[in-house]
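Residue numbers are given in this note's numbering: position 257 of the sequence shown equals residue 257, and the series is strictly consecutive. Backbone N, C-alpha and C fix where the C-beta goes; we use that ideal spot for every residue, glycine too.
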Amino acid sequence: MVSLAKKIQGLKERRDAVILAHNYQNPEIQDIADFVGDSLELAVKAAEEENGLLVFCGVRFMAETAKILSPRKRVLLPVARAGCPMADMIGPEELRALQERHPGAVTVCYVNSTVQVKAKSDITVTSANAVRIISALPRDREIIFVPDRNLGAWVEKETGRRMILHPGCCPVHQGMGPDDIRARLRENPGAVVIAHPECPPETLALADRVLSTGGMCDFVRSAGEGTFIVATEMGIIHRLARENPRAKFVPVTSRAVCADMKLTALEDVLAALENLEPEIILDEDLRHRAELPIRRMLAGGIPAA
Ligand code: 13P
Ligand code: SF4
Numbered sequence: 001m002v003s004l005a006k007k008i009q010g011l012k013e014r015r016d017a018v019i020l021a022h023n024y025q026n027p028e029i030q031d032i033a034d035f036v037g038d039s040l041e042l043a044v045k046a047a048e049e050e051n052g053l054l055v056f057c058g059v060r061f062m063a064e065t066a067k068i069l070s071p072r073k074r075v076l077l078p079v080a081r082a083g084c085p086m087a088d089m090i091g092p093e094e095l096r097a098l099q100e101r102h103p104g105a106v107t108v109c110y111v112n113s114t115v116q117v118k119a120k121s122d123i124t125v126t127s128a129n130a131v132r133i134i135s136a137l138p139r140d141r142e143i144i145f146v147p148d149r150n151l152g153a154w155v156e157k158e159t160g161r162r163m164i165l166h167p168g169c170c171p172v173h174q175g176m177g178p179d180d181i182r183a184r185l186r187e188n189p190g191a192v193v194i195a196h197p198e199c200p201p202e203t204l205a206l207a208d209r210v211l212s213t214g215g216m217c218d219f220v221r222s223a224g225e226g227t228f229i230v231a232t233e234m235g236i237i238h239r240l241a242r243e244n245p246r247a248k249f250v251p252v253t254s255r256a257v258c259a260d261m262k263l264t265a266l267e268d269v270l271a272a273l274e275n276l277e278p279e280i281i282l283d284e285d286l287r288h289r290a291e292l293p294i295r296r297m298l299a300g301g302i303p304a305a
């Protein structure tokens, strides 16, 4: 019997498609993907990719970012309801009200946001570039940062810039507390703690390194061996373990699971390739307005006036 993975491979070649997967995806999805990466790497890859058909295994905001950057490509999100609860914590009306209370502020939006919120923002960031981009913003401007209060607080600490923080957060990372880190450290003395900036500040205070998911992969690769306590969604451990067979990885808690990231199964990828849906369709005016803040991020910041 032909395995699902083989069927996907065959159909992918016939359709001339590229499969992109986020670092949190199920192991079998990572294994059939052409490229596995963090939000920034996937956005760059989607923009560069020559092929006209992208199958995006991740959550909606990531597939939307790919579509915003590549309007002529067909972008499929195999499970249409795979969303990000944090991205849905702020809508365009709430952002407009915040902007009206702070006229003149620069609006920075985490890429984990809806296309409507991106369209009302000056620039987007990911966890991989937030510190660099925000530290380069003009000193005389207030900064509104949405929707992740934890990433925002970490950027404030790293850059010394004060920002107006929206109170949103990732429910999965919010549940990774300092007590979890202490317990894992007692069980694994001497282990290195790597944490995602979506974790609460008390957790980040106990981390050796605060990194995006792509940053974690680079950091562990350069270390090569050792024991790492991983304070982010545990799907990344599949990739870390595959790339670093001499290292040991300990999830910070068994609760470190993003249900939305786990929705995509091989059957869904095959069905998407067969039926060419579910497809990301965006209103062209909205897409166009959301493109500038992402392009500014990819260019490294907002050009001086
Ligand atoms: P990265 O950009 O670090 O991959 O993070 C995305 C995300 O959704 C974290 O929860
Ligand atoms: Fe959204 Fe959190 Fe899931 Fe990342 S881990 S996709 S921020 S809910």
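Decide if residue i is buried, meaning its Cβ has at least 16 other Cβ atoms within 10 Å, or exposed.
i      : result
Pro167 : exposed
Leu298 : exposed
Glu202 : exposed
Arg287 : buried
Ser39  : buried
Glu64  : buried
Ile280 : buried
Val111 : buried
Gly190 : exposed
Lys6   : exposed
Gly152 : buried
Ala33  : buried
Of all the options the options, which has the alpha carbon lying nearest to the alpha carbon of residue i?
i      : options                        : result
Ile237 : Ala17, His22, Met1             : His22
Phe228 : Gly52, Leu266, Asn188, Ser212  : Asn188
Glu41  : Val55, Arg239, Met62           : Met62
Met234 : Glu277, Pro245, Val257, Asp218 : Val257
Val269 : Leu76, Ala47, Ala128           : Leu76
Leu292 : Val146, Gln116, Ile143         : Gln116
Ala82  : Pro278, Arg295, Ile294, Ala290 : Pro278
Leu185 : Cys199, Asn275, Leu206, Asn129 : Leu206
Asp148 : Arg72, Glu142, Thr124          : Thr124
Phe219 : Ala247, Cys199, Leu204, Pro200 : Ala247
Val193 : Asp122, Thr253, Cys170, Glu274 : Thr253
Arg239 : Met216, Ala231, Ala223, Met261 : Met216
Taking just the CA atoms, how far does residue j sit from residue i?
i      : j      : result
Cys84  : Asp140 : 33 Å
Pro178 : Asp283 : 43 Å
Thr213 : Ala195 : 9 Å
Lys67  : Arg221 : 31 Å
Leu263 : Leu11  : 21 Å
Arg162 : Arg74  : 40 Å
Pro245 : Glu158 : 32 Å
Glu28  : Ala136 : 40 Å
Gly226 : Glu267 : 36 Å
Arg101 : Phe145 : 14 Å
Gln99  : Ala105 : 7 Å
Pro303 : Asp285 : 23 Å
Ala259 : Cys57  : 14 Å
Arg255 : Gly175 : 7 Å
Pro197 : Asp16  : 36 Å
By DSSP, does residue i sit in helix, in strand, or in coil?
i      : result
Cys217 : helix
Glu202 : helix
Asp148 : strand
Lys73  : coil
Val193 : strand
Val155 : helix
Thr107 : strand
Leu20  : strand
Pro293 : helix
Glu279 : strand
Thr264 : coil
Arg209 : strand
Leu53  : strand
Gly124 : The residue asked about is misnamed: residue 124 is Thr in this sequence, not Gly. DSSP places Thr124 in strand when its eight states are reduced to three.
Val172 : helix
Leu137 : coil
Gly37  : strand
Ile32  : helix
Thr253 : coil
Please tell me whether, using a cut-off of 7 Å, the distance from the CB of residue i to the nearest non-hydrogen atom of the ligand FMN is below it.
i      : result
Thr126 : Summarising the ligand content, the structure contains the ligand 13P and the ligand SF4 and does not contain the ligand FMN.
Can you list, in chain order, every residue whose CB sits closer than 7 Å to a heavy atom of the ligand SF4? Tyr24, Val59, Cys84, Pro85, Met86, Ala87, Asn112, Cys170, Pro171, Val172, His173, Glu198, Glu233, Cys258, Asp260, Met261
Among all residues, which have a Cβ less than 5 Å from at least one non-hydrogen atom of the ligand 13P, and in what chain order do they fall? Asp38, Ser39, Thr126, Ser127, Ser212, Thr213
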